[in-house]
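A.B. asks: There's a structure below that I have some questions on.
Protein chains: 2
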Amino acid sequence: MNASNGTSLTQMANAIRALSMDAVQAAKSGHPGMPMGMADVATVLWSKHLKFDPAAPAWADRDRFVLSAGHGSMLLYSLLHLTGFEDMTMDELRQFRQLGALTAGHPEHGHTPGVEATTGPLGQGISMSVGMALAERMLNARFGDDLVDHRTWVIAGDGDLQEGISQEAIAMAGHLKLNRLVVLWDDNEIQIDGPTSLTESTDTLKRFEASGWATSRIDGHDVDAIDAALEKAKTSDRPVLIACRTTIGYGAPTKAGTAGCHGAPLGDEEIAGARKALGWEHAPFEIPADIYEAWSEAGSASEHEAWCLRLADSDKSDALVAQLSGEPGEEELKALSDWRMQVAAEKPDLASRASSGKTLAAIVDAWPSLVGGSADLTGSNLTKTPGANAVTSSNYDAPYMHFGVREHGMAACANGMSVHGGFRAHVATFLVFADYCRGAMRLSALMEQPIVYVYTHDSIGLGEDGPTHQPVETLASLRAMPNTHVFRPADALETAEAWDLALQRLDGPSVLALSRQKLPFLRKDDGFENLSARGAYTLIDTEGKPDVVIIATGSEVALAAEASELLAGEGITARVVSAPCLDIFAEQDVAYRDQVLVPGVPRIGVEAAIRFGWDAYLGIDSGFVGMTGFGASAPAEDLYAHFGITTDAIVELARALK
Amino acid sequence: MNASNGTSLTQMANAIRALSMDAVQAAKSGHPGMPMGMADVATVLWSKHLKFDPAAPAWADRDRFVLSAGHGSMLLYSLLHLTGFEDMTMDELRQFRQLGALTAGHPEHGHTPGVEATTGPLGQGISMSVGMALAERMLNARFGDDLVDHRTWVIAGDGDLQEGISQEAIAMAGHLKLNRLVVLWDDNEIQIDGPTSLTESTDTLKRFEASGWATSRIDGHDVDAIDAALEKAKTSDRPVLIACRTTIGYGAPTKAGTAGCHGAPLGDEEIAGARKALGWEHAPFEIPADIYEAWSEAGSASEHEAWCLRLADSDKSDALVAQLSGEPGEEELKALSDWRMQVAAEKPDLASRASSGKTLAAIVDAWPSLVGGSADLTGSNLTKTPGANAVTSSNYDAPYMHFGVREHGMAACANGMSVHGGFRAHVATFLVFADYCRGAMRLSALMEQPIVYVYTHDSIGLGEDGPTHQPVETLASLRAMPNTHVFRPADALETAEAWDLALQRLDGPSVLALSRQKLPFLRKDDGFENLSARGAYTLIDTEGKPDVVIIATGSEVALAAEASELLAGEGITARVVSAPCLDIFAEQDVAYRDQVLVPGVPRIGVEAAIRFGWDAYLGIDSGFVGMTGFGASAPAEDLYAHFGITTDAIVELARALK
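So the sequence lines, in the order shown, correspond to chains A and B.
For the first sequence, numbering that gives the first Met the number 0 gives the first residue as 0, with consecutive numbering after it.
For the second sequence, numbering that gives the first Met the number 0 gives the first residue as 0, with consecutive numbering after it.
Structure (structure tokens):
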């Protein structure tokens, strides 16, 4: 198979191989084996099938290409260079893995145009791709084939498929019949530790078939076979797995087919041998004109142009563009602020999970891009709004998703939907199971995606389910995550404010930690100003300088308020600071933080969780009322008493510290 | 099928149903549906097949029973009561889910005799069971059929099988042909959100078969069919899945077969209807004598007795007992202390991952119970000792495991081996992928199991792999976990000390965060005393009260030491405190902590990670040299300079603070 100038696809693939081995060698670090092994598959895909326009990496109706095996990043960077992505110059390839280069060790979405998802942590790419393929079908259901009609192609390695998250993704894709998803498995029988036979006896095709995928098996170096398999995949009514039998490090004379070429430079001698074996005579980082010419045929600029014309003609154009922008419009923002003021007026006593559900119900009609789902805790998480349907394989036009008990896959799916564009995703489970989501949550933060994680049952306040279900360290572990805003609202108004801030945020994820149990309404203001926007604020003030400042979050703010009242009876003035988001509070200027915390005044932190991380606000000699270890199984009120998280405990501590 | 007094197994099962619905009703909280659905399967298993002795819950050669669907805890508590586990009195059942009762909401290992593993977080039980079944075969390979010959039986629900970790476990069990493992799948077609058809299209039997399991399908209410399937399972040469089609809440007149009976009390009326439907006329918490009598036949006291006699006769008796104890003996301890002193004498400059590997190599012969493995990073984690073989399906007598890229399953497997007894397990991957292990790590901590997590590549010091692979928040997130000791050793001697402490620990997990890059040897002492044992200590002291105290961990201690020298040249005295384990340091008395940290003297923390959690040691007005967000892809030295984690930065901060 040749390009129209007669250049064979194999030679086009060899350009990838050469760039990959040379860049890794120059960096003295990287993974040459995978790009060299999958070069033929990638060449056929990108030159004959992938719908993209190098001049417009953000074209909404492009096919998505996900390099789930992200360590093979030079495959992707080579493709971006050869197909003419402007930013991916030869200099960038020479600077592979150097500070500031677009050619980071693993592909980073947002850092490098053309990189659809940050990959490297295995299993994440293939799982995000499910979210992309789902987003495509959901947008298609709303906007039709003329405007939304593209595929998601994935290259995945053995490691991707061994990660448990991949099973969650495979099951979801099969269940939802996401036939626009094609996974190209680099079936090279080699892992870091050696042959896959060391650890793997699974019949992978059978495993995918069990979940409703179409499968096939090809020689991953036979360009005609690859072409035929990709062509066939485009007609499937189910997601497609193509097992591509390849030789890792294809072309390397002694290291091909071994773990030795997986994750280290080949060395000068081996590279020279590979050049010879591949018939590639060009110097490092030199691509001859005929190869560039052959590669210039790749891409779909004319399809892009036609799409732009269709978009311009469509009466759905404005709606699609608005939805793709990800930014809330006036109507969305108004719905949020109207609701805040309504809550401030109504002052309901509600579990914050219930307040969250009511917030969603109030704004959902004004937020067409908002979609959400739960990992089989719909009735507990309360994020399914009245009348909302769930997506099924026969109806993608719905705002809700039943994910099954697949927390990690759910979070990755949300990431995929978000980087795809068109949807603002919220996903839900119990707070303690954030642990299961963490691999994907880290990518939300790193890719700066505004996912909203709705985590209910946020403390020992969940009661009888016991320590396996009671987060005590989870808030700390999430606050530690860079670029993640963890909210723990104290009442119905703070819950509405948290949603407001999470949805207005565009550059990173938010966590809403919500109570199972009912919380009293605490706020006295009209709700016009979002007081949570600075992370913490004075909820109850005293006249003059307080004797003590009590800083609390969520369900414990009510305890702090009670304590403040009791203390007042004893002549001790206690300011109560509500801190719905310590991450945001930490970003405030010193003047504001000092205004709230009053330097020199003793402080008491109150949270039904461990102290870890609180000392940044308390200082070493201050007090804390909370947990010191895991919880226990009992009714919530018994647990609060048992663990000493009580008004009395706050009062006592205040007496001692004042 | 009847007990010898003529009581039908179905009536024996109805005792479980009655106790479960009554206890949940009394608690006003809990999950009646699963125990009522799986009562028949459990009755046949416990009365006819399970090898156990209620009088000796810790008998080493007992079969293990794991209730992976831990929310159905009343099933297990009912069985423990009916079969005569002494502690599980009727009063305990009446106290279901109350403070201090043995009948916690979810089964808790260590809290309740007869509970083999803490379950509730879905997927963990089935995954731990793989570790149990593997430990059995590994012990069997060493000690023979006379002493080690038992099975692991698991009840798993739909949620367990949807969790990705289950796929990792299934693949491992199939690969290793763990034929002593039998999973009884509660195939009731119901989840919390509704019918499984909402989220599930996977052919589960095919999925298991793809990974080499034997499978069958039975009516889970047909006691003869159950009995035949269990009997057949005992002859399998592969792990066995039995799909038990059951009706959730079997017997409940209107709620059976619906999600409504999954996680809430049935209510008085429904319970009365169930009593009628089941022909169960007895009052709540009343079991008639004939039912107790029928249940009294369950168990294998005589087999236990025979085993004790064989053990007494065996020349391997002492070795087995020692290995099962889990406690290091004199030889083990001597190997550790000898090695510490050897390292102190040799003073090698080594990456701490390399020091860790050498420590293991030095002690492995003296530690027969020590086994370890890696999630496909053997050559990076360096925990495979020279000459060590890996376990395979044809040879279980080996101390190493290739887990594949299955971090979560690996950690759960280690938990399973540990609660099984006989092995001290260490497992390894990159530190950043602790996120993938976290669900299982939390259970290590909660179950107080002394797993050693060897996490290498512990900072931006790993260099070019970039932010996806560079932990910055991971240390904080792990330090936040209760009952977990996180070590970050600064040199070869601290690494040996960390291993020493981790292996001497019996009541919780340890994390060893180890560098990819070489670290200079820093210690001047003879190694006789384990200085890491108090968590932090003065490495470099000054004459008189220091001007500043620099507290550092791991690779940054060398920077602190250099800074201290530079500062001395300027007349600024800087004490250097090395803090290999802040968790242990936090447990020290105030006198020791003050002795090390010198209250009133400004402090600087240094760690190539975020500050989160450090303020407990620093105080609000002190300094920190570290990261403020995610890392980047570049050579390590460039990154340290880029992010300002340098000797100069420490010196400057010291000048400003002193």
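Beta carbons are placed, not taken as given, at the ideal position from N, Cα and C, and that holds for glycine.
Small disclaimer: the values here were computed from a predicted structure and weren't measured.
Are the CB atoms of ASP457(A) and PRO470(A) nearer to each other than 9 Å?
C.D. replies: yes
A.B. asks: Just checking, does the segment 162-175 of chain B make contact with the segment 193-203 of chain A on the three C-beta pairs under 8 Å criterion?
C.D. replies: yes
A.B. asks: Could you tell me which chain A residues have their CB closer than 7 Å to the CB of THR111(B), listed as they occur along the chain?
C.D. replies: Going along chain A, no residue has its Cβ under 7 Å from THR111(B), so there is no contact; the nearest lies around 11 Å.
A.B. asks: At the level of alpha carbons, what is the spacing between ILE290(A) and MET11(A)?
C.D. replies: 6 Å
A.B. asks: Tell me the residue span of the alpha helix (DSSP H) that contains MET35(A).
C.D. replies: Unbroken alpha helix (DSSP H) run through MET35(A): 32-43.
A.B. asks: Just to confirm the assignment, what range does the alpha helix (DSSP H) spanning TYR435(A) have?
C.D. replies: 433-445
A.B. asks: Say the cut is 8 Å; is the CB of GLY460(A) nearer than that to a heavy atom of the ligand ADP?
C.D. replies: Looking for the ligand ADP in the displayed structure turns up nothing, as the structure carries no ligands at all.
A.B. asks: Does the distance from the CB of SER514(A) to the CB of ARG352(A) come in under 9 Å?
C.D. replies: Yes, Cβ-Cβ distance for SER514(A) and ARG352(A) is below 9 Å.
A.B. asks: On the DSSP letters alone, give me the boundaries of the alpha helix (DSSP H) that ALA271(B) sits inside.
C.D. replies: 267-277
A.B. asks: Do the segment 156-163 of chain B and the segment 333-350 of chain A make contact, defined as three or more Cβ pairs closer than 8 Å?
C.D. replies: Note that the segment 156-163 of chain B does not touch the segment 333-350 of chain A; fewer than 3 beta-carbon pairs, one per stretch, sit closer than 8 Å.
A.B. asks: Would TYR699(A) pass as an interface residue toward chain B - the criterion being a Cβ-Cβ separation below 9 Å?
C.D. replies: Limits of chain A in this structure are 0 at one end and 657 at the other, which puts residue 699(A) out of reach.
A.B. asks: According to the neighbour-count rule (16 or more other Cβ atoms, all chains shown, within 10 Å of its Cβ), is MET89(A) buried or exposed?
C.D. replies: exposed
A.B. asks: Give me, in chain order, the residues of the same chain whose beta-carbon lies closer than 6 Å to that of TRP279(A); leave out the 5 immediate sequence neighbours on both sides.
C.D. replies: ASN13 and ALA17
A.B. asks: When the Cα of PRO31(A) is compared with those of TYR76(A), SER7(A), ASN4(A) and VAL43(A), which residue comes out closest?
C.D. replies: Measuring C-alpha to C-alpha distances from PRO31(A) to each of TYR76(A), SER7(A), ASN4(A) and VAL43(A) identifies TYR76(A) as the nearest.
A.B. asks: In chain A, which residues lie with their C-beta within 7 Å of the C-beta of ASN187(B)?
C.D. replies: The premise fails here: ASN187(B) is roughly 14 Å from chain A at the closest Cβ pair, so nothing lies under 7 Å.
A.B. asks: If you run the structure through DSSP and keep just helix, strand and coil, what is SER368(B)?
C.D. replies: coil
A.B. asks: Are any of the Cβ atoms in chain A nearer than 9 Å to that of MET33(B)?
C.D. replies: no
A.B. asks: Any beta carbon of chain A sitting closer than 9 Å to that of TYR395(B)?
C.D. replies: no
A.B. asks: List the residues of chain A whose Cβ lies closer than 7 Å to the Cβ of TYR435(B), in chain order.
C.D. replies: GLY438
A.B. asks: Contact criterion: CB-CB distance below 9 Å. Does ALA242(B) meet it with respect to chain A?
C.D. replies: no
A.B. asks: Would you kindly work out how many angstroms separate the C-alpha atoms of ALA608(A) and ASP524(A), rounded to a whole number?
C.D. replies: 28 Å
A.B. asks: Quick check: what's the CA-CA separation for MET626(A) versus LEU565(B)?
C.D. replies: For MET626(A) and LEU565(B), the distance between alpha carbons rounds to 42 Å.
A.B. asks: Report the start-end ranges of each alpha helix (DSSP H) in the segment 43-128 of chain A that is 4 residues or longer and not cut off at the edges.
C.D. replies: Listed in chain order, they are 72-81 and 89-93.
A.B. asks: Can you name the residues that DSSP bridges to ILE550(A)?
C.D. replies: Assignment of beta-bridge partners to ILE550(A) by DSSP yields VAL576(A) and GLY604(A).
A.B. asks: Are any of the Cβ atoms in chain A nearer than 9 Å to that of SER373(B)?
C.D. replies: yes
A.B. asks: Any residues in the segment 631-642 of chain A with a beta carbon nearer than 8 Å to a beta carbon of chain B? Which ones, in chain order?
C.D. replies: ALA631, SER632, ALA633, PRO634, ASP637, LEU638 and HIS641
A.B. asks: Taking 9 Å as the threshold (beta carbon to beta carbon), is THR6(B) in contact with chain A?
C.D. replies: no
A.B. asks: Taking the alpha carbon of ALA653(B) as the point to measure from, which residue in THR572(B), GLY630(B) and PHE584(B) has its own alpha carbon closest?
C.D. replies: For the set THR572(B), GLY630(B) and PHE584(B), the Cα lying nearest the Cα of ALA653(B) is the one of THR572(B).
A.B. asks: Would GLN10(A) count as contacting chain B if we go by Cβ distances under 9 Å?
C.D. replies: It does not: the Cβ of GLN10(A) has no partner Cβ on chain B nearer than 9 Å.
A.B. asks: Buried or exposed: where does PHE527(A) fall if 16 or more other Cβ atoms within 10 Å of its Cβ makes it buried?
C.D. replies: By the 10 Å Cβ count, PHE527(A) comes out exposed.
A.B. asks: Need the endpoints of the beta strand (DSSP E) that PHE429(B) sits in, please.
C.D. replies: 423-429
A.B. asks: Which bits of chain A does LEU277(B) rub up against, with CB to CB less than 7 Å?
C.D. replies: By Cβ distance, chain A contributes nothing, its closest Cβ being about 25 Å from LEU277(B), past 7 Å.
A.B. asks: Along the segment 174-201 of chain B, what residues have a CB closer than 7 Å to any CB found in chain C?
C.D. replies: No chain C appears in this structure, whose protein chains are A and B.
A.B. asks: In this structure, how does DSSP classify LEU513(A) when only helix, strand and coil are distinguished?
C.D. replies: Taken through DSSP and simplified to helix, strand or coil, LEU513(A) comes out as strand.
A.B. asks: Here's a check: name, in chain order, each residue in its chain whose Cβ is nearer than 6 Å to the Cβ of ALA293(A), leaving out the five neighbours to either side.
C.D. replies: The residues are ALA2, ASN4, THR6 and MET11.
A.B. asks: Please compile the residues from chain B whose C-beta is within a distance smaller than 9 Å of the C-beta of GLN97(A).
C.D. replies: GLU463, SER632, ALA633, PRO634 and ASP637
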